[in-house]
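Here's the structure, in structure tokens; my notes come after.
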Amino acid sequence: MNVQSLLAKSMTRRTLLLVLLLSACSDNLLLSYGDDTNFLLFDHPNSEKAIADVRARAEGLCAERKQQATKTESVCSLDNCTTNYQCMDKAGVVRDAL
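In this text, residue positions in the sequence shown follow my numbering: the first is 6, and each later residue adds one.
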């Protein structure tokens with residue numbers, strides 16, 4: 006192994022660690038989302054501000070796909086919520102009467 010290869014691996018590990026640490030600071034954690042699915046799963050505090058932030062984030066992610074965010078489920082305790090959204094085409098929203 007050469008020095009450049011070792012430095013590249015070290016930088017990659019540092020970057021991943023930094024991303025992990027910064028994501029731990031986020032109140033509204035996106036738990037599930039990918040190019041192959043249109044479902045979003047958020048874990049967030051049970052507050053009006055957090056609920057609005059999650060809604061805005063879901064709308065933004067779905068807008069990137071030219072779809073609408075539709076809340077499909079939300080389960081809350083006194084402190085935390087888990088909220089699911091689905092990115093849907095406008096025709097699907099009307100068809101499913103959501």
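Each residue gets a CB set at the ideal place from its N, CA and C atoms; glycine is no exception.
In this text, all values refer to a predicted model and were calculated from it rather than measured experimentally.
Would you list the residues sitting across from residue i in a DSSP beta bridge?
i     : result
Gln91 : Phe44 and Thr75
For residue i, which residues in the same chain have their Cβ closer than 7 Å to its Cβ, ignoring the five residues on either side in sequence?
i     : result
Asn33 : Phe47, His49, Ala55, Asp58, Val59 and Arg62
Phe44 : Ser37, Asn89 and Gln91
Quick test of your reading: residue i and residue j, contact by CB under 8 Å. State the CB separation rounded to the nearest angstrom.
i     : j     : result
Ala74 : Cys67 : 4 Å
Asp40 : Gln72 : That pair is no contact at about 13 Å.
Who are the Cβ neighbours of residue i in its own chain at under 6 Å, not counting the five residues just before and after it?
i     : result
Thr88 : Phe47, Val59 and Ser79
Glu64 : Ala74
Thr77 : Asn89 and Gln91
Near residue i, what residues of its chain come up, given a Cβ to Cβ distance below 8 Å and the 5 sequence neighbours on each side ignored?
i      : result
Asn85  : Asp48, His49, Pro50 and Asn51
Thr42  : none
Arg134 : Nothing about residue 134 can be reported from this structure: the residues present for the chain run from 6 to 103 only.
For the alpha helix (DSSP H) holding residue i, just list the boundary residues, first then last.
i     : result
Leu66 : Glu53 to Glu69
Where do the N-terminal and C-terminal ends of the beta strand (DSSP E) with residue i fall, by residue?
i     : result
Leu36 : Leu34 to Ser37
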